[in-house]
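K.L.:
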Amino acid sequence: MGRAVNSRAGGAFAPPVSQTGPTLLSWVFRLTALAIIDGIAIWLLYQMFSDGVWQLGLAIGIVTLLLNLIFLREELYPLRWISPGLALLVVLVIYPVLFSVYTAFTNYGDGHLLTQPQVVRLLENRRFLAEGATLFDYTAYLSPDGTEYALYLEAPDGSEAYIAREGSLEEATPGTIPAEIDGFLPLARADILRGGHTVKLVAVTFGDDERAFQVSDRQLGKAAEFQQRYTYLADEDAMRDNETGIVYRPVQGTYTGEDGSTLTPGYQVVVGTRNFERLLTNPAFREPFILVFLWTIGFAILSVATTFAAGLLLAIALDAPEMPFQKLFRSLLLIPYAIPAFISVPIWVGLLNPQFGVITLFLQDIFGVTIPWFGHPTWAKVGIVLVNLWLGFPYMFLICTGALQALPTDIYEAADIDGANIFQRFRAITLPLLLITVGPLLVASFAFNFNNFVIIDLYNQGAPPMSGTPSPVGHTDILVSYTFRVAFSSGRGADLGYAAAITVAIFLILVVITWFQFRFTNMLEERSENV
Amino acid sequence: MKNRALILISVLMVLSLVLAACPAPAQPAPEAAAPVEAAPTEAPAAEVVAEPTEAPEAEPTAVPTEEPMAEAGCPADAPSLTIWADNTRAPVLSSVGESFTAEFGVCVAVVEKGFGDIRDDFKVAAPTGEGPDIIIGAHDWLGTLVTNGLLAEMDLGDKDADFLDAAKQGFIYDGALYGMPYATENVALMYNPEIVTEVPTTWTGVTELAAQLEADGIVEQGYILQQGDPYHFFPIQTAFGGYVFGVTDTGYNAEDVGIDSEGSIAAATWLDEMVKAGHLKADIDWGTMHAQFWNGDAAMMITGPWALPDTRASGIPYAIAKLPGEVQDAQPFLGVQGFMVSAFSSDPLLAQTFLLDFVATEETMQAIFDADPRPSAYLAVRDKIDDPDLLGFAAAGANGLPMPSIPAMDSVWSAWGDAETLIFQQSEAPDVAFQQAAEQIRTAIAEK
Numbered sequence: 001m002g003r004a005v006n007s008r009a010g011g012a013f014a015p016p017v018s019q020t021g022p023t024l025l026s027w028v029f030r031l032t033a034l035a036i037i038d039g040i041a042i043w044l045l046y047q048m049f050s051d052g053v054w055q056l057g058l059a060i061g062i063v064t065l066l067l068n069l070i071f072l073r074e075e076l077y078p079l080r081w082i083s084p085g086l087a088l089l090v091v092l093v094i095y096p097v098l099f100s101v102y103t104a105f106t107n108y109g110d111g112h113l114l115t116q117p118q119v120v121r122l123l124e125n126r127r128f129l130a131e132g133a134t135l136f137d138y139t140a141y142l143s144p145d146g147t148e149y150a151l152y153l154e155a156p157d158g159s160e161a162y163i164a165r166e167g168s169l170e171e172a173t174p175g176t177i178p179a180e181i182d183g184f185l186p187l188a189r190a191d192i193l194r195g196g197h198t199v200k201l202v203a204v205t206f207g208d209d210e211r212a213f214q215v216s217d218r219q220l221g222k223a224a225e226f227q228q229r230y231t232y233l234a235d236e237d238a239m240r241d242n243e244t245g246i247v248y249r250p251v252q253g254t255y256t257g258e259d260g261s262t263l264t265p266g267y268q269v270v271v272g273t274r275n276f277e278r279l280l281t282n283p284a285f286r287e288p289f290i291l292v293f294l295w296t297i298g299f300a301i302l303s304v305a306t307t308f309a310a311g312l313l314l315a316i317a318l319d320a321p322e323m324p325f326q327k328l329f330r331s332l333l334l335i336p337y338a339i340p341a342f343i344s345v346p347i348w349v350g351l352l353n354p355q356f357g358v359i360t361l362f363l364q365d366i367f368g369v370t371i372p373w374f375g376h377p378t379w380a381k382v383g384i385v386l387v388n389l390w391l392g393f394p395y396m397f398l399i400c401t402g403a404l405q406a407l408p409t410d411i412y413e414a415a416d417i418d419g420a421n422i423f424q425r426f427r428a429i430t431l432p433l434l435l436i437t438v439g440p441l442l443v444a445s446f447a448f449n450f451n452n453f454v455i456i457d458l459y460n461q462g463a464p465p466m467s468g469t470p471s472p473v474g475h476t477d478i479l480v481s482y483t484f485r486v487a488f489s490s491g492r493g494a495d496l497g498y499a500a501a502i503t504v505a506i507f508l509i510l511v512v513i514t515w516f517q518f519r520f521t522n523m524l525e526e527r528s529e530n531v
Numbered sequence: 001m002k003n004r005a006l007i008l009i010s011v012l013m014v015l016s017l018v019l020a021a022c023p024a025p026a027q028p029a030p031e032a033a034a035p036v037e038a039a040p041t042e043a044p045a046a047e048v049v050a051e052p053t054e055a056p057e058a059e060p061t062a063v064p065t066e067e068p069m070a071e072a073g074c075p076a077d078a079p080s081l082t083i084w085a086d087n088t089r090a091p092v093l094s095s096v097g098e099s100f101t102a103e104f105g106v107c108v109a110v111v112e113k114g115f116g117d118i119r120d121d122f123k124v125a126a127p128t129g130e131g132p133d134i135i136i137g138a139h140d141w142l143g144t145l146v147t148n149g150l151l152a153e154m155d156l157g158d159k160d161a162d163f164l165d166a167a168k169q170g171f172i173y174d175g176a177l178y179g180m181p182y183a184t185e186n187v188a189l190m191y192n193p194e195i196v197t198e199v200p201t202t203w204t205g206v207t208e209l210a211a212q213l214e215a216d217g218i219v220e221q222g223y224i225l226q227q228g229d230p231y232h233f234f235p236i237q238t239a240f241g242g243y244v245f246g247v248t249d250t251g252y253n254a255e256d257v258g259i260d261s262e263g264s265i266a267a268a269t270w271l272d273e274m275v276k277a278g279h280l281k282a283d284i285d286w287g288t289m290h291a292q293f294w295n296g297d298a299a300m301m302i303t304g305p306w307a308l309p310d311t312r313a314s315g316i317p318y319a320i321a322k323l324p325g326e327v328q329d330a331q332p333f334l335g336v337q338g339f340m341v342s343a344f345s346s347d348p349l350l351a352q353t354f355l356l357d358f359v360a361t362e363e364t365m366q367a368i369f370d371a372d373p374r375p376s377a378y379l380a381v382r383d384k385i386d387d388p389d390l391l392g393f394a395a396a397g398a399n400g401l402p403m404p405s406i407p408a409m410d411s412v413w414s415a416w417g418d419a420e421t422l423i424f425q426q427s428e429a430p431d432v433a434f435q436q437a438a439e440q441i442r443t444a445i446a447e448k
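Order-wise, the sequence lines are chains F and X. Its first residue numbered 1, the first sequence is counted upward by one per residue in my numbering. Its first residue numbered 1, the second sequence is counted upward by one per residue in my numbering.
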């Protein structure tokens, strides 16, 4: 995919058109570039459609079409500068979003990975041996021209033997392996392997209409009257079990018999809103939902509030012109931001370890208290907020430093003249003005923490567990980590359709919350305009 | 203007068709395969690595080098097999493959992958027809792989009796065999022989010994157990007569959850008493548990053969013993590793013949054992083990139960682990915690 995107992005390097209209040279360039892109795109599309990845193929097709329009229509030509961005947007953002939404309406997941034709082919290939049927030993024979096979079959107990050819079957004397059959020469075990006969032998049916033999595809040298286990009934889209006679009909991507028995595997199919119905009607999901939801909101608010407060305080402190080593401190404060959470959170977990952690031992020595950072519901929450503060304050520090330097100094002078003290100045001038610039970033930070799976998972996977809930849930689980548990511990393996439905639901919740927050920041802005 | 556009478009079409035609007849180049594969990966990437993998995590997961290792000197049109194996097994299979090539002219390409990646990569690659013929894997993958229709049934034929029964059981799913085992692994009791002179044979004995050792100030903890990890707790549960899933003729029965059975609750009560008496402490994880043992601060723990290298390196005296029983012998979970054949293999008979004729031999099985010593599933090799540690693990696992591979197991781990954590944290009574866990599991399994 990377290659396709890059080459498409290359289209932007077509020479710019002069003011008077395209020159011949620029047209040649433009068309060559476009032809290369289209060539690659068509080849990709061919590959994708033949592999059945039609969704991605469609996305790439649309992108290619748009690029062609942009480069061929004069009035759209100025768009060429953002065409790489548009192409990436469609392929990397819009397509995955649409694909997730689409997946939410399917049963895609373990047990339903394959397509229906694949499943039909798999099931039709299954064979069975009727009760009491003999597993024969065979010697294979190959015709002189190497195209036809014959078998000498002998029952293991030596009671019966046959010479079986494609279309005919005759009895033979048990115990005497013929040296040749009508000019067909025997294949030793090694010859069968060496010549690649294994594939061909398995595909041949030996014997006549009455008794048809096939060689086993599991054990070399064994053959029997295998019968096809399932037959696909195309006109009613059903599977018939030839052994039991049960007819299995498709129910939401699974062939299901009248008695409720099913055939594995199932196949991918659109199941409508079933995943959403499951989500809404599942008591195991609903009951803890409120508790988890409240903590999610609380966690996001606390995270934003603490990091913003710490960042702002440090930014104001370091903004004072008389502060020595200003640059050094500013650089040092960014360190937690530069270290990946995957490293710093486990380090914090180690420091807080209730038995051996440095912080725990320190608190024990000084204050004589042992804080259960992971085991106690409240302390675990405190711990997570503290660790998240460490991770998040440099970001807030960074943006506040920038925003502070952009504040007009004349207002402060006016405040000085009016005799405002430092707190009044902060409350009446700094904070409101700052919030205008920083407000949207706080909203973004809230949305990020709302879905901050990484810290919850790294800290203690949502533990400590709640007691008495209908499904396993922890006191520090937030919506994402909780739904992750629900989607992947359902007892049916990875249920990706269900997981996608949950993702869509979380997305909708977040949209509503964010909308209200932006309303709020807009209000701030309007108010400050009236200052 | 309109005319010109028409000409342009036709020129363009011709150009692009010419360009498109060039690579078309060739086999799909590797670059071509990449984007195609990229699409399905997107979704399964979210795949959980469920808790059962926790123990085998010590498995060496090397950086996968996707280079086939034994393709040299192979005629292009010869029949071929592709095997996915991890980095310890791959070199062995490569040399076996070479002799297969030399003898029968069948090309064997061994692709090295991280053990943990094989299952998920196989799920993506197999349906496209570009997957391997044979993979190496753990038996608890069967649930996922069989429900997705990705594995071919196997038949060990005359070699059936050469394999450990319990190991074969592990690869049976819904009454059919889907793999050929090569090794088993299970936990046992590891103890410090300088401190523990007489290994307790019951868990009550463990309690008494722990109390005595701690009272005498010899160790901080006589017996140490990590919090909230059912895998290491299961042998205790079985010793008290508990179970996870009931067993029927065709395997584990998801309808019969035994987390709140009488025996399981007895084990939970034992755990609760140990915590209350201060013999077991909360918030111990796998790493801490081992570190305490290696420091000499703990005298006994349950662990598996994957902890042997580090234990040897720590220099602490250790020995392996059978797991203590209580009302019956303890039964640890048995993990089985083996070979599986893809349902999408173009030549399943060749793949199975390769496995039966060339891998299921004493020589190859010994080589696999030598590359990574853990109790072999091949009896001739297993009987020759003389390392006392491995013998200890093999003896402890002699009556082991294959870890359930049914998909329902996914809903067990977290509820079961939570129940244990609640006891460790003393936030719930043992019987209530395990009854709630069983209810959660039943709800999850019943939910459609």
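Don't be surprised by glycine CBs; every beta carbon is placed ideally from N, CA and C.
1. Of the choices G474/F, L361/F, V271/F, F329/F, whose alpha-carbon is the least far from that of F397/F?
2. Please confirm whether G114/X and D86/X have their CB atoms less than 9 Å apart.
3. How do the stretch 389 to 396 of chain X and the stretch 317 to 330 of chain X stand: do at least 3 beta-carbon pairs fall below 8 Å, yes or no?
4. Rounded to whole angstroms, what is the Cα-Cα separation between D450/X and S95/X?
5. Between A433/X and I445/X, which are expected to be in contact by the criterion C-beta below 8 Å, what is the C-beta distance as a whole number of angstroms?
6. At the level of alpha carbons, what is the spacing between M154/X and Q331/X?
7. P117/F: which of Y267/F, G272/F, I60/F, L294/F sits nearest, CA to CA?
8. Given a cut-off of 9 Å on the beta-carbon distance, is the pair Q186/X and F293/X in contact?
9. In three-state DSSP terms, what is I297/F?
10. Assuming G400/X and M300/X make a contact with CB atoms under 8 Å, what is their CB distance in whole Å?
11. By DSSP, does L233/F sit in helix, in strand, or in coil?
12. Residue range of the beta strand (DSSP E) that I134/X falls in?
13. Please report the Cβ distance between F450/F and A300/F, rounded to the nearest whole angstrom; I am assuming they are in contact, meaning their Cβ atoms lie under 8 Å.
14. Check each residue of the stretch 184 to 197 of chain F: if its Cβ is closer than 7 Å to any Cβ of chain X, include it; give the result in chain order.
15. Which residues in the same chain have their Cβ closer than 6 Å to the Cβ of I406/X, if we skip the five residues on either side of it in sequence?
16. Return the first residue and the last residue of the alpha helix (DSSP H) that V412/X is part of.
17. Report yes or no: is there a C-beta of chain X within less than 9 Å of the C-beta of T469/F?
18. Can you grab the Cα-Cα spacing for the pair L291/F / E214/X, in whole Å?
19. Does F299/F get closer than 9 Å to chain X when you measure Cβ to Cβ?
20. Might you give, ordered along the chain, the residues of its own chain that have their beta carbon closer than 7 Å to the beta carbon of V387/F, omitting 5 neighbours on each side?
21. Going by DSSP, what residue range makes up the beta strand (DSSP E) through D137/F?
22. Can you name the start and end residues of the beta strand (DSSP E) that N253/X belongs to?
23. Under 6 Å Cβ to Cβ from L431/F, same chain only, skipping five residues before and after it: list those, please.
24. I'd like to know if Q366/X contacts chain F, where contact means its C-beta is closer than 9 Å to some C-beta of that chain.
25. Which runs of the beta strand (DSSP E) at least 3 residues long sit entirely within the stretch 184 to 248 of chain X? Give them in chain order.
26. Does the distance from the CB of L86/F to the CB of L66/F come in under 9 Å?
27. Give me the residue from T250/X, E208/X, F245/X, L280/X with the minimum Cα distance to I259/X.
28. If you count every other CB in all the chains shown that lies within 10 Å of the CB of Q337/X, and 16 or more means buried, which is it?
29. Does R249/F come within less than 9 Å of chain X when only Cβ atoms are used?
30. Going along the chain, which residues of the stretch 111 to 140 of chain X sit with their C-beta nearer than 7 Å to a C-beta in chain F?
31. Looking at the strands, I want to know which residues DSSP matches up with C400/F.
32. Rounding to the nearest angstrom, what Cα-Cα distance links V504/F and F276/F in this structure?
33. By the DSSP assignment, the beta strand (DSSP E) with Q424/F in it spans what residues?
34. Note the first and the last residue of the continuous alpha helix (DSSP H) segment covering Q116/F.
35. Taking 9 Å as the threshold (beta carbon to beta carbon), is V96/X in contact with chain F?
36. Hey, Y149/F and A155/F are a contact pair by Cβ (cut 8 Å); roughly how many whole angstroms apart?
P.N.:
The answer reads as follows:
1. F329/F
2. yes
3. yes
4. With chain X covering 1 to 448 only, the question about residue 450/X has no answer from this structure.
5. About 19 Å separates the two Cβ atoms, so there is no contact after all.
6. 28 Å
7. Y267/F
8. Position check: residue 186/X holds Asn in this sequence, whereas Gln was assumed. It is not a contact, given that the beta carbons lie outside the stated cut-off.
9. helix
10. Not quite, the Cβ-Cβ distance comes to about 19 Å (not below 8 Å), so this is no contact.
11. strand
12. 134 to 138
13. 5 Å
14. A190, L193, R194, G196
15. G143, Y252, A254
16. 410 to 424
17. yes
18. 41 Å
19. no
20. V345, W348, I455, Y459
21. 136 to 142
22. 251 to 257
23. none
24. no
25. 188 to 191, 221 to 224, 245 to 248
26. yes
27. F245/X
28. buried
29. no
30. K123, P127, T128
31. Answer is none; C400/F lacks a bridge partner.
32. 9 Å
33. Unbroken run through Q424/F is the alpha helix (DSSP H), 422 to 425; no beta strand (DSSP E).
34. 116 to 124
35. no
36. That pair is no contact at about 20 Å.
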